[in-house]
Amino acid sequence: MDPLDRIKRNKAFIFLYWCARVGMGITFIISGIRKLPGVEFTTLPIDNPVGAYFNAMYETGFYWNAIGYLQIIIGVLLFFNRFVVISSILMMPVVINIFLISIALHMQGTPIITSAMVLGNTFLITWHFKNYRSLFLRPLQ
Numbered sequence: 001m002d003p004l005d006r007i008k009r010n011k012a013f014i015f016l017y018w019c020a021r022v023g024m025g026i027t028f029i030i031s032g033i034r035k036l037p038g039v040e041f042t043t044l045p046i047d048n049p050v051g052a053y054f055n056a057m058y059e060t061g062f063y064w065n066a067i068g069y070l071q072i073i074i075g076v077l078l079f080f081n082r083f084v085v086i087s088s089i090l091m092m093p094v095v096i097n098i099f100l101i102s103i104a105l106h107m108q109g110t111p112i113i114t115s116a117m118v119l120g121n122t123f124l125i126t127w128h129f130k131n132y133r134s135l136f137l138r139p140l141q
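Given below as structure tokens:
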């Protein structure tokens, strides 16, 4: 039996899987809603580096809204078994970007939360590794 299959039968890991999936889905939906037209992400002043960054992103208009719509779509897709593999793959670049921004802007406490998001997303991708294993293995001749 494959070690991943043994892990997937462990009740603690099953619980962790569902916590990661539901938690990431809800987080992405809520964060995406905060990026919809007319909704500012933060109320920090622009003299604060974090406030300046989010204000600049907000001022881009369509780009900021597109990120929000993408986050909502990915978050919703996580709740459907058929799309959980593709949504966890699509989520990874967004989560890594959020993590890097939190480090670059020296956000207090946020790198801890965003690193947990990266780990949770990595866990989801690893859980479904069999679905895309052929992408990493040498093709049969």
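To convert, note that position 107 of the sequence shown is 107 in UniProt numbering; the numbers rise steadily by one, no gaps.
Cβ atoms here follow ideal geometry from the backbone N, Cα and C, with glycine treated the same way.
Check, Outcome
"Going by DSSP in three states, Val39 sits in which element: helix, strand or coil?", "coil"
"At 4 residues or longer, what runs of the alpha helix (DSSP H) sit wholly inside the segment 43-97?", "49-59 and 62-77"
"Using only alpha-carbon positions, find the residue among Gln108, Leu100, Leu105 and Leu124 that is nearest to Ile86.", "Leu124"
"Check whether the segment 8-21 and the segment 48-68 touch, using three or more Cβ-Cβ pairs below 8 Å as the test.", "no"
"Taking C-beta to C-beta, are Val84 and Arg21 nearer than 8 Å?", "yes"
"So Asn121 is in the alpha helix (DSSP H); what residue range does that whole segment cover?", "Thr110 to Trp127"
"If I measure Cβ to Cβ from Met117 and keep anything under 8 Å in the same chain, skipping five residues before and after, which residues do I get?", "Met24, Thr27, Val95, Ile98 and Phe99"
"Give me the Cα-Cα distance between Met107 and Ile29, rounded to the nearest whole angstrom.", "22 Å"
"In angstroms with no decimal places, state the Cα-to-Cα distance between Val76 and Met1.", "33 Å"
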